[in-house]
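Numbering (full-length UniProt numbering), first residue to last: 1 to 110.
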């Protein structure tokens, strides 16, 4: 399994609106491509005074080939929509990670 991580630092003046737009519009459009099985948004909690808030938007897919097809066939247009809306107010980078194990611990409460 592959984890596609998009790290985004968004200007604080539009951070709340961006987050809502991501949840309501962008992530559903990405998921509608059919290449991803799950997604999540994480806020980076380090307190840096950069004037922005940083998020990791993560998508899980089955294979490198699926991710490469998504990147070739869908990503450019979807990224352009983000840029059209938030140009100059964000910086981002992408990382492809291979999931090599999952360990979920459960502690029952008494």
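The beta-carbon is built from N, C-alpha and C at its ideal position, and this holds for glycine as well.
Distance CB(residue i)-CB(residue j) smaller than 9 Å
i	j	result
residue 36	residue 60	yes
residue 33	residue 73	yes
residue 50	residue 15	no
residue 2	residue 55	no
residue 41	residue 57	yes
residue 96	residue 67	yes
Segment limits, beta strand (DSSP E) that includes residue i
i	result
residue 196	This structure cannot speak to residue 196, because the chain is shown only from 1 to 110.
residue 38	38-43
residue 56	52-61
Strand pairing of residue i, partner residues [DSSP]
i	result
residue 5	58 and 95
residue 11	52
The alpha helix (DSSP H) enclosing residue i, as first and last residue numbers
i	result
residue 64	64-73
residue 29	27-32
(request) Decide yes or no for the touch test of the segment 19-33 against the segment 64-83: beta carbon pairs closer than 8 Å, at least 3 of them. (result) yes
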